[in-house]
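A quick write-up on the structure given underneath.
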Amino acid sequence: MHKQRVVSVIGLGYVGLPVAVAFGRGAKTIGFDVNPKRIRELQAGHDHTGEVAEEELRGADIVYTDLVDDLRLANFHIVAVPTPVDEAHQPDLGPVLKASETVGKALKKGDIVVYESTVYPGATEEDCVPVLERFSGLKCGVDFKVGYSPERINPGDKEHTFTKIKKVVSGQDAETLEIVARVYESVVTAGVHRTGSIKAAEAAKVIENTQRDLNIALMNELALIFDRMGIDTQEVLEAAGSKWNFLNFKPGLVGGHCIGVDPYYLTHKAEKLGYIPQVILAGRRINDGMGRFIAQRTVKEMIRAGHNVMDSTVTILGLTFKEDCPDLRNSRVIDIVRELEDYGVNVQVHDPLADVDEAKAEYDVDLCKLEDLMPADAVVIAVAHRAYREISMPNLMALMKAKPVLIDVKCIFDRQAMRATDVRLWRL
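Be aware that the sequence shown starts at 17, since it is given in our numbering, and climbs by one per residue.
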């Protein structure tokens with residue numbers, strides 16, 4: 017088990033590609049993805065997600081492939097595929113089990129398989145290992161070993177990158193733990209944190225995002241309460257934030273592939289064990305309802321401004337799940353779109369970073385170019401992209417009709433400055 021480790025990374029998305037590039041800087045690395053289009057794109061030296069710059073891709077020795085046989089060149093396999101939830105908020109292990117099948121077909125004696133995909137505690141050993149054994153014909157713990165090292169990639173974040181975030185590592189036994197730790201230590205300058213079991217590492221991942229989810233849910237509930245009181249939530253948070261130990265969380269839409277998904281993995285496992293979570297699911301309900309609330313608040317502001325809602329036009333600026341990032345996965349902006357459409361509103365959506373084809377395929381939304389937007393009765397700034405943070409007042413006003421309504425979900429605009437205009441401003 018101590019031979020030289022050749023790394024393969026299975027899944028070259030927002031998580032897997034930065035991992036592969038980090039290892040590829042020091043040694044030949046195998047980068048595997050089932051999407052031939054993605055492989056061709058990376059072979060051409062381009063990453064459409066924007067996570068890795070072209071010069072970084074050129075500086076990494078990576079064999080990009082969609083052929084299972086190429087994985088036999090490696091003996092340390094890192095699985096970094098998505099783990100979403102379905103429409104019923106149940107964990108969908110399909111991608112990670114399919115990746116396990118792929119790795120199993122290439123597995124050799126002495127290999128180590130490390131999962132980075134977010135799962136509930138126990139999934140690696142109880143769900144993934146049987147698949148590896150079935151497709152390899154090998155025995156885990158005897159012929160090959162497994163570990164778990166949860167991903168901590170923050171899409172769009174150029175400061176907290178893969179090598180600069182301390183890596184949690186685990187292995188099924190002490191020997192595997194040390195090998196996994198050494199492999200990651202070779203590229204992660206922030207170091208590693210060893211855990212005593214795979215389940216502990218799996219649990220650590222899901223509670224990282226569950227904690228954030230609950231803190232944002234509290235802010236969202238406060239925003240709902242303060243809105244009924246006629247109090248500006250941002251003003252309240254700025255005042256409370258003057259205390260040294262006040263936590264800096266803000267209300268908003270909670271989407272993406274982590275915070276809006278991971279808590280359901282933990283609650284699913286808890287329910288299977290006979291415990292019904294109370295606080296976690298309450299936070300999820302609050303956060304999942306914020307898009308509908310924002311849409312309803314938009315309609316109220318339009319009525320108060322004197323607009324007829326039926327057949328009115330609303331422009332939504334931003335569709336991705338977070339600012340300055342092209343990732344559309346699990347974006348909750350779509351909840352605003354659907355609710356407004358239910359009111360009979362004509363909705364037009366613009367996003368400077370989102371892929372037009374992906375938006376159509378994922379949400380059946382036709383993204384508009386900025387110059388093609390019709391003047392609207394209301395504008396909803398749903399995502400704080402740089403292009404919207406830096407928009408000039410004349411350009412903003414050009415997007416709206418008379419009696420303009422501006423719904424500022426991300427609190428980009430100052431209330432005092434907007435009072436000098438005839439814009440009706442509402443902030444979350």
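Cβ atoms here follow ideal geometry from the backbone N, Cα and C, with glycine treated the same way.
Model, not experiment: these values are computed from the prediction.
Query	Result
The region 227 to 238 contacting the region 259 to 273, beta-carbon criterion three pairs below 8 Å	yes
C-beta atoms of T192 and G163 nearer than 7 Å	yes
DSSP beta-bridge partners of H105	None; H105 has no bridge partner.
Helix, strand or coil at R210 [DSSP, three-state]	strand
The region 72 to 84 / the region 44 to 60 touching (three or more Cβ pairs under 8 Å)	yes
CB-CB length for E317 against V421, believed under 8 Å	5 Å
Straight-line gap, L154 to L123 (C-alpha atoms, nearest Å)	8 Å
Length of the line joining the Cα atoms of V203 and G40	10 Å
Status (buried if at least 16 other CB within 10 Å, exposed otherwise) for Q432	exposed
6 Å Cβ shell around I128 - same chain, five flanking residues per side excluded	F92 and K161
Reduced DSSP secondary structure (H/G/I, E/B, other) of I223	helix
Cut-off 6 Å between Cβ atoms - residues of its own chain near Y281, not counting five sequence neighbours on either side	P107, Y136 and V222
Uninterrupted alpha helix (DSSP H) stretches inside the region 221 to 261 (no shorter than 4 residues)	249 to 256
Beta-carbon separation (whole angstroms), L335 vs D367, contact threshold 8 Å	4 Å
H176 burial status per 10 Å Cβ neighbour count (16 or more: buried)	exposed
Integer-rounded CB distance, given that T283 should sit under 8 Å from I275	I275 to T283, Cβ: 14 Å. No contact.
Identity of the residues DSSP links to Y80 by a beta bridge	G47
Nearest residue (CA-CA) to Y404, options A104, I332, Q364 and D373	I332
Segment limits, alpha helix (DSSP H) that includes D358	V349 to D358
Coil, strand or helix - H64 by DSSP	coil
Candidates G322, L89, T211 and W260, of which the one nearest V22 by Cα	L89
G271 vs N346 beta-carbon contact at 7 Å	yes
Counterpart residues of Q364 in DSSP-defined beta bridges	T331
C-alpha distance - K426 paired with R443, whole-angstrom precision	7 Å
Beta-carbon separation (whole angstroms), N225 vs P279, contact threshold 8 Å	7 Å
Selected residue, minimal CA-CA separation from E406, among L356, D393, D340 and L383	D340
Between the CA atoms of K338 and E142 - distance to the nearest angstrom	34 Å
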